[in-house]
Amino acid sequence: MKVSLKWKYNVLKAKPVLFQSEWTTPEMMERLIADIQKTGRVVELAIIDEMENGWTVKEFLKWKEEIEEEPSNIVVYFDGGFDLQTKRAGIGVVIYYQQHNATYRIRINHLFNELCSNSEAEYVALYFACQQLEDLGAHHVPCMIKGDAQGVIMQLLGEWPCYEEILNDWLNKIEDKLKMLGIKATYETISRKQNKEADQLASQALHDQMIHSHVKIEN
Numbered sequence: 001m002k003v004s005l006k007w008k009y010n011v012l013k014a015k016p017v018l019f020q021s022e023w024t025t026p027e028m029m030e031r032l033i034a035d036i037q038k039t040g041r042v043v044e045l046a047i048i049d050e051m052e053n054g055w056t057v058k059e060f061l062k063w064k065e066e067i068e069e070e071p072s073n074i075v076v077y078f079d080g081g082f083d084l085q086t087k088r089a090g091i092g093v094v095i096y097y098q099q100h101n102a103t104y105r106i107r108i109n110h111l112f113n114e115l116c117s118n119s120e121a122e123y124v125a126l127y128f129a130c131q132q133l134e135d136l137g138a139h140h141v142p143c144m145i146k147g148d149a150q151g152v153i154m155q156l157l158g159e160w161p162c163y164e165e166i167l168n169d170w171l172n173k174i175e176d177k178l179k180m181l182g183i184k185a186t187y188e189t190i191s192r193k194q195n196k197e198a199d200q201l202a203s204q205a206l207h208d209q210m211i212h213s214h215v216k217i218e219n
């Protein structure tokens, strides 16, 4: 979760000047607040986050301790694959997040026998990712979602229409799940090479190689 600082600075023999900082981490914000307060000229200091919440300094410091206990800085990668001959679909999901001042990675895939197309597999992969976020306990936080399925992402952004009823149903399920979790999603279309972790997981599922890994990543 990124945060920004707004404050008024008392200038000698002039009106106070309003400032706002760039977005930064809660750890850096705590240091910034301490430095600014040493000037003795700061008034109306407030902190805001990417979810548009605002706090006083006291409230922010308490919130900072709380968010260290919850998943944050979440990045999701998703991919789906479909075998026309066997009519089987494989999906892959990779989730990076931070918690307790450490970084973690989830890698998980799944095999489906009842899907109809590669496009549906892509939607199901993202919905499956949303379910993993729920299981992780992520809520009311921003989340970056990345995939090489341009159609899925453009439709979630509202840039492209979705005419297929079955895909539109999955689109609604994804949006409803994110809304229920209070997650503010941003989307990015990436290349298949950049999405290789999720792509590999989807391929492994199609070859009956089931993966469910949840590990701490050492810096």
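When we follow the working numbering, the leftmost residue of the sequence shown carries the number 1, and every step to the right adds one. Note that CB positions come from ideal geometry on N, CA and C, so glycine has one too. Quick caveat, the model's predicted, so the values are computed rather than measured.
Sequence-distant partners of F60 (beyond 5 residues in either direction) whose C-beta falls short of 7 Å from its own C-beta, in its chain, are I47.
In this structure the region 107-125 touches the region 87-97; the number of beta carbon pairs closer than 8 Å is three or more. Closest in C-alpha terms to E218, from the list I106, L157, D135, A102, comes A102. Where G137 is concerned, there is no enclosing alpha helix (DSSP H), because DSSP gives it neither an H nor an E. Counting along the chain, D83 sits inside the beta strand (DSSP E) bounded by residues 72-83. When DSSP states are grouped into helix, strand and coil, L32 belongs to the helix group. By the neighbour-count definition (other C-beta atoms within 10 Å, threshold 16), K146 is a buried residue. In the DSSP assignment, E44 falls outside any alpha helix (DSSP H) and within the unbroken beta strand (DSSP E) covering 42-49. Per DSSP, reduced to three states, the secondary structure at L18 is strand. A distance of 8 Å or more separates the beta carbons of L171 and C130. E188 sits in a strand when the DSSP states are folded into three classes. Out of P142, V152, A198, T189, the CA that lies nearest to the CA of E50 is found in P142. Contact between N109 and I91 holds: CB atoms are separated by about 6 Å, below the 8 Å threshold. By the neighbour-count definition (other C-beta atoms within 10 Å, threshold 16), Q99 is a buried residue.
With contact defined as three or more Cβ pairs closer than 8 Å, the region 62-78 and the region 122-138 are in contact. K216 sits close to Y104, with the two beta carbons spaced by under 8 Å. Of the candidates A138, E175, T56, Y77, the residue whose Cα lies closest to the Cα of N195 is Y77. Annotation for K179: the continuous alpha helix (DSSP H) segment containing it runs 165-181.
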